[in-house]
Amino acid sequence: MAVTIHDTLDVKRDIKHYDFGMPFWEATRSKKLVIQYCKATKKYQHFPRPVSIFTGRRRDIEWREVSGKGTVYSFTIAHRGPPAFHGKEPYAVASVTLDVGVNLIAGVVNCATEDLKIGMKMKPYWHPLENGEHLLFWQPDKDAA
Amino acid sequence: MSLRDNAIVAYAETKVMKKSDRDVWVLAGEILESLLDKTGFDKAEIDGLVMSGLTGTGGASMFWAQSTCDMLGLEVGFCEQVHTGGCSAVGAVARAAAAIDAGMCEVALCLYADTHVREHNGRNDRNYRRDWTDPYGLLGPPGAFGLLQRAYDAKYGVDLQALGKLAVTQRNHAIMNENACEELRVPITIEDYINSRMIADPIRLLDCVMLADGAAGLIVTSRKRAKQKGLKKQIIPIGYAERTNFLGGDNLVDVTRSGHEIAGTRALNTAGLDIKDVRSFHPYDDFLIALVIQFEAFGFCKPGQGMAFVRDTDMSYKGTLPMNTGGGQISAGQAACSSHNLIEAVRQLMGEAGERQVKDTTNALVTGIGWINYGRNWGSSAAMALVPGE
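Chains as they are written, first to last, in numbering that gives the first Met the number 0: chain E, 0 to 144; chain A, 0 to 389.
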């Protein structure tokens, strides 16, 4: 696998949000990762939903800041992207299991192809968007034990 | 269970085309005409229409099934569109049978017409995608199955020779199927599979379905009405189950597991069949790894043993477990609202499969897979057991 993976940071993005997910995006303005937490079951969920997926109740949801540290559950290397990503291939997208027990899918930066492996430690890389929000990418967490 | 008081009494399909040379309504009309000719039903006797919601052409219309009635001149007491993605083909048969049981109609047309290559109007981003995966360029189903297959590989190991064997087996079937997409009716080898270019590593080109255009349809009616009509060939849905959003109330889900664990068990239990009794298998194939996961989820083998099961089993039309004898979608083309494998099972049980006819037509098991959810495997899983009746 002698391909070098690229990053996709300079792809133009216009991301539409749902109102019930806005706390996530607002927190990214200060490079904070917040995840929905169900008070009734004491479990986290991602992506954001209008209700707790554990109880079905809206009132059980609150948002909690988390470290963003996690390990790679799986990843794929796109050799053919959607039109906005043409010319950036190959690039990697990883599903990372956060230490609070949810998977979060994001692009990968600052990582050599040969280093990208299931089980490797990752931490957030915050990429600024034009509207002041940041888009989370994954980068290797070299300080992790 | 009462679905089995009903039967599929006729099937029809167009040839799968890389891109249709005619409108989707023309294809729908050809299917209707063929089914009327085959059954002897008058158009006025068709009082139910069940369509698949898995349609690129119809995907922008809020009134697709109704406007289809209008286009085809059908007046019905039951008008339905099924929204379980690639499970909608078998789902339509189940809903037609349930509606007949409930007295809402007596003769239902299950119609699967789509020209998503010629005219794609559908959208699939009013969900998690626009916030959570599209910004990263994760390419729809191949991207999701890339994540899935690598996770499977880490847990159990992927054998490319086994996946290649599946590709070759299905391709050989497509070559024998004159209705398969002509561009796909060329022989391939296991090496061709392994050397095909990466799309979403580890997903290769020959792991994937190719979108294509075409139409198919079935007539479902009560066995009583079929008998009155003198229709001798009856294919009976003796067991059906579906599962949408499997483990949807969990936050971390092992992607090597699917709702087929539940749908498969329930469908087989209702049918009174053990998995070892299944005589031909027609699993939904959008990616080859989905076949392996289904062998495991249905209990043909234990979890993690799917690759070995493929290596050890002859799945050709003359083998011990004939599988996707029309070529599957991967080698026939993903057309006609993904109804291809269902239509093939019906054709086999009616004994009309020509040179690829399976010997044992005691029963067949057809499955569905529908939609891709976030970081899981797939959104809907379905299974339908069919047996020939009189």
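The C-beta atom is built at its ideal place from N, Cα and C for all residues, glycine as well.
Helix, strand or coil at residue i [DSSP, three-state]
i, result
"A:Asn5", "strand"
"A:Asn268", "helix"
"A:Glu241", "strand"
"A:Leu137", "coil"
"A:Asp206", "helix"
"E:Pro127", "strand"
"A:Ser66", "helix"
"E:Glu61", "strand"
"A:Met0", "Model confidence at A:Met0 stands at a pLDDT of 45, short of 50, so the residue's coordinates are unreliable; what they give is reported in the following sentence. Note: A:Met0 maps to coil in three-state DSSP."
"E:Pro49", "coil"
"E:Lys42", "strand"
"A:Ser379", "strand"
"E:Ile14", "coil"
"E:Met0", "Reliability of the predicted coordinates at E:Met0 is poor, the pLDDT of 49 falling under 50, and the value obtained from them is presented with this limitation in mind. If DSSP states are grouped into helix, strand and coil, E:Met0 belongs with coil."
"A:Met314", "coil"
Neighbour-count burial assignment, residue i, 16 or more Cβ in a 10 Å radius
i, result
"A:Lys164", "buried"
"A:Gln227", "exposed"
"A:Asp124", "exposed"
"E:His133", "buried"
"A:His339", "buried"
"A:Phe62", "exposed"
"E:Arg63", "exposed"
"E:Thr3", "exposed"
"E:Met21", "exposed"
"E:Met0", "Confidence at E:Met0 is low in this model, with a pLDDT of 49, below 50, so its placement is unreliable and the value that follows should be read with caution. So E:Met0 ends up on the exposed side."
"E:Lys11", "exposed"
"E:Gly118", "exposed"
"E:Asn145", "Residue coverage of chain E in this structure runs from 0 to 144, which leaves residue 145 of chain E outside it and unanswerable."
"A:Thr188", "exposed"
"A:Thr319", "exposed"
"A:Ser337", "buried"
"E:Asn130", "exposed"
"A:Asn194", "exposed"
"E:Asp18", "exposed"
"A:Met0", "Bear in mind that a pLDDT of 45 at A:Met0, under 50, signals an unreliable position, so the number given afterwards is only what the model happens to contain. Burial call: exposed."
"A:Ala412", "Outside the shown range of chain A (0 to 389) lies residue 412 of chain A, about which nothing can therefore be said."
"E:Leu39", "According to the sequence shown, residue 39 of chain E is Ala rather than Leu. Classification for E:Ala39: exposed."
"A:Pro141", "buried"
"E:Lys42", "buried"
"A:Val185", "exposed"
Proximal residues of chain A, C-beta to C-beta of residue i below 8 Å
i, result
"E:Leu134", "Pro134"
"E:Lys42", "Asn250"
"E:Tyr17", "Asp130"
"E:Ile60", "Within chain A, no residue comes near E:Ile60; the closest Cβ sits about 13 Å away, beyond 8 Å."
"E:Gly20", "Asp130"
"E:Ala105", "Tyr135"
"E:Thr7", "Tyr135 and Gly136"
"E:Tyr36", "The contacting residues do not exist; E:Tyr36 stays about 11 Å from chain A at best."
Chain E residues whose Cβ lies nearer than 8 Å to that of residue i
i, result
"A:Met306", "Correct list: empty, because the minimum Cβ distance to chain E is about 18 Å."
"A:Asp158", "The premise fails here: A:Asp158 is roughly 18 Å from chain E at the closest Cβ pair, so nothing lies under 8 Å."
Presumed contact (8 Å Cβ cut-off) between residue i and residue j, rounded CB distance
i, j, result
"A:Arg278", "A:Ala240", "Not a contact, Cβ separation roughly 19 Å."
"A:Ser315", "A:Asn171", "7 Å"
"A:Ile174", "A:Ala6", "About 31 Å separates the two Cβ atoms, so there is no contact after all."
"A:Ala112", "A:Ala98", "Not really, about 20 Å apart at Cβ, beyond 8 Å."
"A:Trp131", "E:Ile52", "With a Cβ gap of about 15 Å, A:Trp131 and E:Ile52 do not count as contacting."
"A:Gly76", "A:Cys109", "At roughly 15 Å, the Cβ-Cβ gap does not stay under 8 Å, so A:Gly76 and A:Cys109 are not in contact."
"E:Thr70", "E:Val95", "7 Å"
"E:Ser73", "A:Leu146", "4 Å"
"E:Lys120", "E:Pro89", "Not a contact, Cβ separation roughly 22 Å."
"A:Leu210", "A:Gln333", "5 Å"
Partners in chain E for residue i, counting only beta-carbon separations shorter than 9 Å
i, result
"A:Arg196", "His78 and Arg79"
"A:Ala289", "Residues of chain E passing the Cβ test: none, with the nearest at roughly 15 Å."
"A:Leu146", "Tyr72, Ser73, Phe74, Thr75, Val92, Ala93, Ser94 and Ile104"
"A:Arg21", "In chain order: nothing, as chain E lies at least about 28 Å away."
"A:Ala95", "Near A:Ala95 there are no residues of chain E at all, since even the closest Cβ is about 31 Å away, more than 9 Å."
Chain-ordered chain A contacts of residue i [CB-CB under 9 Å]
i, result
"E:Gly100", "Asn250 and Leu251"
"E:Thr96", "Leu251"
"E:Val50", "What E:Val50 touches in chain A: nothing, since even the nearest Cβ is about 11 Å away."
Under 7 Å by beta carbon: chain A residues contacting residue i
i, result
"E:Arg12", "Pro134"
Contact list for residue i against chain E, beta-carbon separation under 7 Å
i, result
"A:Gly247", "Ile52"
"A:Ala211", "Correct list: empty, because the minimum Cβ distance to chain E is about 18 Å."
"A:Asn142", "The residue asked about is misnamed: residue 142 of chain A is Gly in this sequence, not Asn. Going along chain E in sequence order, the residues near A:Gly142 (Cβ under 7 Å) are Thr75, Ala77 and Val92."
Chain B within 9 Å of residue i, Cβ atoms only
i, result
"E:His5", "Of the protein chains in this structure, namely E and A, none is chain B."
Completely contained alpha helix (DSSP H) runs for the region 213-263 of chain A, where each covers 4 or more residues: 222-227
Alpha helix (DSSP H) segments (min. 4 residues) lying fully within the region 74-121 of chain A: 87-100
Complete runs of the alpha helix (DSSP H) confined to the region 323-371 of chain A [at least 4 residues]: 327-331 and 339-348
Secondary structure, beta strand (DSSP E): runs of 3+ residues fully inside the region 68-135 of chain E: 69-77, 90-97, 102-106 and 120-127
Segments of 3+ residues assigned as beta strand (DSSP E) that fall wholly inside the region 149-201 of chain A: 197-200
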